[in-house]
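Visitor: Our numbering puts the sequence shown at residues 983 to 1668. All C-beta atoms in this analysis are idealised placements derived from N, C-alpha and C, irrespective of residue type, glycine included.
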Amino acid sequence: MINKQLLQPESIVVIGGSNNCHKPGGAVVRNLLSGGFQGTLRIVNPKEDEVQGIKVFHDVKEVPPTDLAILVVAARFCPDYVEYLAAEKQVRAFIIISAGFGEETKEGAALEQRILDTCERFGCALIGPNCIGLLTRWHHSVFTKPIPHLNPKGVDFISGSGATAVFILESAVTKGLPFNSVWSVGNGRQIGIETVLEYMDNNFDAEKDSLVKLLYIENIADPDKLLYHATSLIRKGCRIAAIKAGSSESGSRAASSHTGAIASSDSAVEALFRKAGIVRCFSRDELTTVGCIFTLPRFTGKNFAIVTHAGGPGVMLTDALSKGGMNVPPLSGKAADELKEKLFPGSSVANPIDILATGTAEQLGIAIDFCEKKFKDIDAIMVIFGTPGLVQLYETYDVLHKKILECKKPIFPILPSVSTAGPEVHEFLQRGHVNFSDEVVLATALTQVMKTPAPADGQIEIHGVDVPRIRRIIDSIGENGYIAPNLVHDLLQSAGIPTVPEFVSDDKEELLAFAEKCGYPVVAKVVGPVHKSDVGGVALNVRTPEHLALEFERMMKIPDATSVMVQKMIRGTELFIGAKYEPRFGHVVLCGLGGIFVEVLKDVSSGLAPLSYEEAYSMIHSLRGYKIIKGTRGQQGVNEKKYAEIIVRLSTLLRFATEIKEMDINPLLADENDVIAVDARILVEK
983 MINKQLLQPE SIVVIGGSNN CHKPGGAVVR NLLSGGFQGT LRIVNPKEDE VQGIKVFHDV
1043 KEVPPTDLAI LVVAARFCPD YVEYLAAEKQ VRAFIIISAG FGEETKEGAA LEQRILDTCE
1103 RFGCALIGPN CIGLLTRWHH SVFTKPIPHL NPKGVDFISG SGATAVFILE SAVTKGLPFN
1163 SVWSVGNGRQ IGIETVLEYM DNNFDAEKDS LVKLLYIENI ADPDKLLYHA TSLIRKGCRI
1223 AAIKAGSSES GSRAASSHTG AIASSDSAVE ALFRKAGIVR CFSRDELTTV GCIFTLPRFT
1283 GKNFAIVTHA GGPGVMLTDA LSKGGMNVPP LSGKAADELK EKLFPGSSVA NPIDILATGT
1343 AEQLGIAIDF CEKKFKDIDA IMVIFGTPGL VQLYETYDVL HKKILECKKP IFPILPSVST
1403 AGPEVHEFLQ RGHVNFSDEV VLATALTQVM KTPAPADGQI EIHGVDVPRI RRIIDSIGEN
1463 GYIAPNLVHD LLQSAGIPTV PEFVSDDKEE LLAFAEKCGY PVVAKVVGPV HKSDVGGVAL
1523 NVRTPEHLAL EFERMMKIPD ATSVMVQKMI RGTELFIGAK YEPRFGHVVL CGLGGIFVEV
1583 LKDVSSGLAP LSYEEAYSMI HSLRGYKIIK GTRGQQGVNE KKYAEIIVRL STLLRFATEI
1643 KEMDINPLLA DENDVIAVDA RILVEK
């Protein structure tokens, strides 16, 4: 519950405010005062008469009715304060800085529940406990530093960790990233990250609100709410980036299928972010760098011009951009020759455009103008300009400032001399710009931005999928566990997923008759053991009835063998599709190349069912081994359209068969014409 008393209080009382600014109670008062809070500020402290120039109330009973209360006292006192303030002083919003609640002990959790119950009973908003507070342009109700520059078009930052929020702010301030608000939700018992996004979505005003949201998440309590409101905000014009920490725990817990071993809670997070269109980041520096990228004009295309006075950084940036799938195209022709004439001898205009260490501010401006007006294939400009300490850079950065305002193409300022040219960089940032001091970090963050797809449309693709038949098959299954091969075949067929001709039996003569009918060579596989290859239960390229009879007799002696499957032998590139049910998230669908790519290299991409065709293509294109799918070094690629179609149809199958908890289709064999499922396992739990 987020209300006006929390966001725009006319009066605030700090319970535990003090004169000691080295402690939270004093620091929060200091920040409220220095932040220019225009309302009435009250303080309760039984031991002080005056705190930072404000007359103090010794007892909470003396306090007049107040909108917002900030509690900076021991956890054991908080429930009683909340109860009294809500009941007697009409307080309708609380920020509880104090720790020692559910994050520590069962007793603390009970205190926290009392607070939550009181807030729910009186209709109060609750931030925390165990947080650094709330920072807005209306009130600076935090006890920490730094306090970033605030403006309406700055970033909205929401964090599940107070300490991490501070470190992210430190990273952001050095880059010049502005903020509109900072939410530290702490334990998030009432207002969590999803709740803040919901409020921002439901009350969004494109003319007034920030268009950039940065998130630090430790626990996704409600994936559906996060997905819905993040998607909605992005469709309204916002851009969202997030770190999800704590995703490696038991990431590859023991499981009986490839999917079970590969899929993890992190796969679910990756799938959720992909579906929503959230840019995923993996460090504080990357998150704030992406935030800075979001403040620049949007652009399409992947062609960059690099203007530099130092060759090495230009080369490293070129390498990093190329690695991320972007281009630094060579510049040539009449315009390039004309630019070269305007630079010092020895300068290069091939791209990177190296104006040399002796290059002037005027020459920097000329090079930028050529990239803006004469090099038509360039989509954005990156400018690297520092100093070894021999000259000041005020004039150079003034030119850069003007060009950023004039040019329609985005300009990425890379100013590495944050110490040597500290005053110049500071002045540049004060003029409303950001700074990417490390070119490789910038390229890495930009890669994440460029490869993040737009939000999925949310439609369920059911064309070609026989949903009633799927339900009949699932409902007919009586026991939990891996289902029989014939049921696997029927489910895949119901979803419109092509399968290789096969026959299962414990009768040798029946299998020989099927092999004769479908034609040799065939493949024989034991039925019963989960990992067929590990027990010698697979025989490829069986070309004669005699060979098949021998393999049948051998396989039926394998422990747990119940029958043998015979399939028509086909060839092609091995692909993989799997799925796993993750609590709260739903089915995570994985795709990738088969064989060593999935088993050893873990080269898989994940999506959250149900999937659209756009999502399926995005998953395929994000694979490291995508060049093999596309076709490389003279080899024909596979039918990407049919691969995507199978991924989508499988996701629809899972949407209507939630009892499926784990499955593999491995391998699918693919060529330029067809993609066919050869082997599959499905685990059902009702």
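1) How would you call A1253, buried or exposed, if buried means at least 16 neighbouring beta carbons within 10 angstroms?
2) Please name the residue in P1527, S1401, A1056, D1351 whose C-alpha comes closest to that of L1382.
3) Identify whether E1461 lies in helix, strand or coil by the three-state DSSP scheme.
4) Check this for me: beta carbons of I1222 and I1199, under 8 angstroms apart or not?
5) Could you check where the alpha helix (DSSP H) with M1547 kicks off and where it finishes?
6) Could you tell me which uninterrupted alpha helix (DSSP H) segments, each at least 4 residues in length, are contained entirely in the stretch 1527-1607, listed from first to last along the chain?
7) Strictly by DSSP, which residues pair up with F1076?
8) Does P1467 come out as helix, strand or coil in the three-state DSSP assignment?
9) Pull up the DSSP beta-bridge partners for V1164, would you.
10) Taking the CB atoms as reference points, tell me whether F1558 and P1649 lie closer together than 8 angstroms.
11) If we ignore side chains and look at the alpha-carbon of each, how far apart do D1301 and C1113 end up?
12) If we ignore side chains and look at the alpha-carbon of each, how far apart do D1457 and L1469 end up?
13) Secondary structure at L1338, three-state DSSP: helix, strand or coil?
14) Which residues does DSSP list as the beta-bridge partners of K1226?
15) Measure the alpha-carbon distance for W1120 versus L989 and round it to whole angstroms.
16) Quick one: what's got a C-beta closer than 6 angstroms to I1025's C-beta in the same chain, skipping five residues either side?
17) Suppose you measure from the CA of L1014 to the CA of R1217; what does that come to, to the nearest Å?
18) Rounding to the nearest angstrom, what Cα-Cα distance links Y1464 and D1138 in this structure?
19) Quick test of your reading: V1073 and C1106, contact by CB under 8 angstroms. State the CB separation rounded to the nearest angstrom.
20) Got a sec? Which residues, its chain only, sit under 7 angstroms from S1304 by beta carbon, not counting five neighbours each side?
21) Would you mind sorting I1578 into buried or exposed? The rule is 16 or more other CB atoms within 10 Å of its CB.
22) Between which two residues does the beta strand (DSSP E) harbouring H1131 extend?
23) Counting contacts by CB-CB distance shorter than 8 angstroms, is E1070 in contact with chain C?
24) In angstroms, rounded to a whole number, what distance separates the CA positions of L1151 and A1051?
25) Report the residue from S1153, E1189, T1481 whose alpha carbon sits nearest the alpha carbon of L1651.
26) Which residues does DSSP pair with M1364 in a beta bridge?
27) Is N1333 helix, strand or coil when you go by DSSP?
28) If you drop the 5 nearest sequence neighbours on each side, which residues of the same chain put their C-beta closer than 6 angstroms to that of Q987?
29) Counting C-beta neighbours from all protein chains within 10 Å, is the total for D1319 16 or more, i.e. buried, or is it exposed?
30) Distance, Cα to Cα, H1445 vs D1472?
31) For A1626, collect the residues of the same chain with a Cβ closer than 7 angstroms to its Cβ; drop the 5 residues on either side in sequence, then sort them by chain order.
32) On the DSSP letters alone, give me the boundaries of the alpha helix (DSSP H) that V1178 sits inside.
33) Out of curiosity, what's the CA-to-CA distance linking V1666 and K1643?
34) Tell me whether P1128 is buried or exposed, calling it buried when 16 or more other Cβ atoms sit within 10 Å of its Cβ.
35) Do you know offhand how far I1288's Cα is from L1179's?
36) Alpha carbon to alpha carbon, what distance is there between D1516 and E1231?
Guide: The answer reads as follows:
1) Label assigned to A1253: buried.
2) For L1382, the nearest C-alpha among the options comes from D1351.
3) Here E1461 sits in coil by DSSP.
4) In terms of Cβ geometry, I1222 and I1199 do not form a close pair [threshold 8 angstroms].
5) Not the alpha helix (DSSP H): M1547 falls in the beta strand (DSSP E), residues 1545-1550.
6) Qualifying alpha helix (DSSP H) stretches, in chain order: 1527-1537, 1578-1581, 1595-1603.
7) Per DSSP, A1051, L1108.
8) P1467: helix per DSSP, three-state reduction.
9) According to DSSP, V1164 bridges with L1117, F1139.
10) Their beta carbons are under 8 angstroms apart, which means F1558 touches P1649 by this criterion.
11) Taking the straight line joining both Cα atoms gives about 41 angstroms.
12) One C-alpha to the other measures close to 12 angstroms.
13) Three-state DSSP puts L1338 in coil, outside helix and strand.
14) K1226 is bridged to I1199.
15) Here the C-alpha atom of W1120 lies approximately 7 angstroms from the C-alpha atom of L989.
16) Only V996, G999, V1033, I1036, V1038 meet the Cβ criterion.
17) Going by the C-alpha atoms only, they are around 35 angstroms apart.
18) Each residue's Cα considered, the two are about 47 angstroms apart.
19) Taking the Cβ atoms as the reference, V1073 lies roughly 7 angstroms from C1106, within the contact range of under 8 angstroms.
20) Non-local beta-carbon contacts of S1304 in its own chain, meaning distances under 7 angstroms to residues more than five positions away in sequence, involve V1310 in chain order.
21) I1578 should be labelled exposed.
22) Counting along the chain, H1131 falls outside any beta strand (DSSP E), and DSSP gives it neither H nor E.
23) The structure shown contains no chain C, having only a single protein chain.
24) Taking the straight line joining both Cα atoms gives about 25 angstroms.
25) Of S1153, E1189, T1481, the residue nearest in Cα terms is T1481.
26) When DSSP reads this structure, M1364 sits in a beta bridge with I1288, F1394.
27) Secondary structure at N1333: coil, using DSSP grouped into helix, strand and coil.
28) The answer, listed in chain order, is D1049, L1050, R1074, A1075.
29) By the neighbour-count rule (16 or more Cβ atoms within 10 Å), D1319 is not buried but exposed.
30) About 17 angstroms.
31) Counting only Cβ-Cβ distances below 7 angstroms, and skipping sequence neighbours, we find Y1595, A1598, Y1599, I1602.
32) Here the alpha helix (DSSP H) through V1178 covers 1175-1184.
33) Rounded to the nearest angstrom, the gap between the Cα atoms of V1666 and K1643 is 6 angstroms.
34) With fewer than 16 other beta carbons inside 10 angstroms of its own, P1128 counts as exposed.
35) Using only the alpha carbons, I get a separation of about 37 angstroms.
36) Low confidence applies here, because E1231 scores a pLDDT of 48, under 50, leaving its location unreliable; read the following figure in that light. A straight-line Cα-Cα distance of about 28 angstroms links E1231 and D1516.
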